[in-house]
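Remarks on the structure that follows.
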Amino acid sequence: MKLSKICSMNNENTSTSSMNDVSNPHDKLFRETWSNLENARSFLHHYLPHDVLRLMDLDTLEISKDSFVEKELSDYYSDMLYKVMLSGKPGFVHVLFEHKSYYDKHVHLQILEYMVKIWRLFIKQQKKKKEALPIVIPLLICHGKRSWPEDKVRLSSFLSGPVDELSGYIPDFGFQLHDLTRFTDKDIKGTVMARVVLLLFKHVFDPDLQKKLPAILSLMKSLMEKETGLQYLETVLRYLFNTMDDISAEAIREVAEQALSAKEGEYIMTLAERLRKEGEIRGEIRGKLEGKLEGKLEGKLEGKLEGLMDAIELGMILKFPDQVDQVMAEVKKIKDLDTLIKIKEAIKTAKDVSEIL
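With UniProt numbering applied, the sequence shown covers 1 to 357.
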C-alpha cells in the first residue's frame, strides 16, 4: 500500500479510540466479525434449523449496511441485516445480538419494530409499489448470566387473556434463539474467528475467563499464518482489554505465549502498551478541541508520536526484519499522528514493504 493511499484511507479501527475509550466493545467485536461474509455464512449454516436452510441459498447472502437499533439502545443491542434468496425470492435474515447480563422479556417488541422498519425500507426502495413484502427471519444471540427461557421465544407467550381464542387478531411470531449459555464449548461451531468470538461472548461474564483464554486463543494458530492474522489478534485483544478490568498486559502475554507462540506474546505486550498510548493521545486531542489542553498538547504529543514509532519499528522487526532501517528512516520524517497509525495498521497485512511506503 502506497503512503498516499494510506493517508487517504478511512480506517474504522483507527477512528475508534483504543482500549481505554471504546464505548461498546461487544458491538465492535460483533460487527467486525459478522461483517465478514465467510463468518456470517458459517454462522447461519451451523445455527439455523435444517428446514430453514434447505430453503435458503447461502451463496446469495449479502450484507446490508442498514442498522435498526436505536441510538439509546446501542449499549445493549447490536444488529446485522443480511439479504438472501429464499426459494428463489428475496428475503432477509436479521441478526440481533443482546449484550446484556440479563434477558429482556420485551425483546419481541424490538424485533417486531425492526421487522416493520425492514419492510418499510424495502417498500421505499422498490420501483413496483405492489410487490409483496419479503420474509424476515429474526435471529437473537444472547450471552447473559441467565439462560433465556426456551418457552419464551414467541410474542404470544408474553400476552395475557384469551390468546388462543383471539389468535386471528394477534400478531405473533417466533425468533431463532442462540443462547450461548446453553452451549458447551465443544458445541460452538463455525469458522475459527466465529468460534473464538462466540466463546469470548459466552465466557465474558465468567469470573474465571482468564483461565479459559489459552484454549480459546489457541484456536487462532491457523489464523496467524494468514495476512490478516495480526489484525484478528488485535481485534480480540482490544475486546479483552475493554471487558476485563482486572487483566494486565503481562497476563495476556503469558496467555498468548502459552496458546500461540513467544512471538505473538511479545507482539501482544507491545500492542497493549501501544493501545494505551493511543488512548492517551486521542484523549488529549479531544481535550484540546474542548479547550482543556490549549498550550499543553504539543510537547506531550511529540512524546506520544515516539511511542507510535516504536510500535511501527517492532512490527517491522517481527514481519520484515531485513528492511527495518529502510522503512524507519522514512517513518521518522512523519509528524502526523493519523498517518503513523495507518502505517502501523498497514504493516499487519502488507506482503512486502512496498505496501507500507
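Note that beta-carbon positions come from the ideal geometry of N, C-alpha and C, so glycine has one too.
| Asked | Found |
| --- | --- |
| From what residue to what residue does the alpha helix (DSSP H) around serine 160 run? | Segment: none, serine 160 is in no alpha helix (DSSP H) and carries neither H nor E. |
| Histidine 178 lies in the beta strand (DSSP E); which residues open and close that run? | 176-179 |
| So what does DSSP say about isoleucine 285, is it helix, strand or coil? | Low confidence applies here, because isoleucine 285 scores a pLDDT of 48, under 50, leaving its location unreliable and the question unanswered by this model. |
| What first and last residue would you give for the alpha helix (DSSP H) that runs through glutamate 330? | 324-331 |
| May I ask you to report which of helix, strand or coil DSSP gives threonine 60? | strand |
| So, at 7 Å on beta carbons, what are the nonlocal neighbours of aspartate 57 in its own chain, with the 5 sequence-adjacent residues on each side left out? | Val84, Met85 |
| Quick one: complete alpha helix (DSSP H) runs, 4+ long, within the stretch 45-93? | 50-53 |
| Quick check: the Cα distance between valine 192 and arginine 41, rounded to an integer number of angstroms? | 13 Å |
| Got a sec, what are the start and stop residues for the beta strand (DSSP E) tryptophan 138 sits in? | Sequence inspection shows proline at residue 138; the tryptophan mentioned does not correspond to that position. Element bounds for proline 138: 136-142. |
| Report the option in Leu200, Glu266, Asp66, Pro138 whose CA atom is closest to the CA atom of leucine 121. | Asp66 |
| What are the start and end residues of the alpha helix (DSSP H) that includes histidine 203? | 192-203 |
| Excluding the 5 residues preceding and the 5 following methionine 328 in the sequence, name in chain order all residues of the same chain whose CB lies nearer than 6 Å to its CB. | Glu313 |
| Below 8 Å between beta carbons: does that hold for threonine 33 and threonine 228? | no |
| Would you kindly work out how many angstroms separate the C-alpha atoms of alanine 311 and isoleucine 317, rounded to a whole number? | 10 Å |
| Buried or exposed: which applies to valine 163, given that a residue is buried once 16 or more other Cβ atoms fall within 10 Å of its Cβ? | exposed |
| Go through its chain and collect everything with a Cβ distance to leucine 340's Cβ below 8 Å, but skip five positions before and after it. | Leu305, Leu308, Met309, Ile312, Val331, Ile334 |
| State the DSSP-derived secondary structure class of phenylalanine 241, mapped to helix, strand or coil. | helix |
| Can you give me the Cβ contacts of lysine 2 inside the same chain, cut-off strictly under 6 Å, excluding the 5 residues immediately before and after it? | Confidence at lysine 2 is low in this model, with a pLDDT of 35, below 50, so the placement of that residue is unreliable and no value is reported for it. |
| Taking contact to mean 3 or more Cβ pairs, one atom from each stretch, closer than 8 Å, check whether the stretch 103-117 and the stretch 48-62 are in contact. | no |
| Which one or two residues does DSSP pair with threonine 96 in a beta bridge? | With the sequence shown as reference, residue 96 is identified as leucine, and threonine is not the correct amino acid for it. The partner list for leucine 96 (beta bridge, DSSP) reads Asp79, Leu140. |
| Roughly how many angstroms separate the alpha carbons of valine 353 and glutamine 323, rounded to a whole number? | 8 Å |
| I think lysine 138 touches leucine 155, with their Cβ atoms under 8 Å apart; what is that distance to the nearest whole Å? | Note on identity: in this sequence residue 138 is proline, with lysine being the wrong assignment. So it is not a contact: roughly 11 Å between Cβ atoms. |
| Would you give the residue range spanned by the alpha helix (DSSP H) that arginine 31 belongs to? | 25-34 |
| Which value, in whole angstroms, describes the spacing of the CA atoms of glutamate 72 and aspartate 185? | 33 Å |
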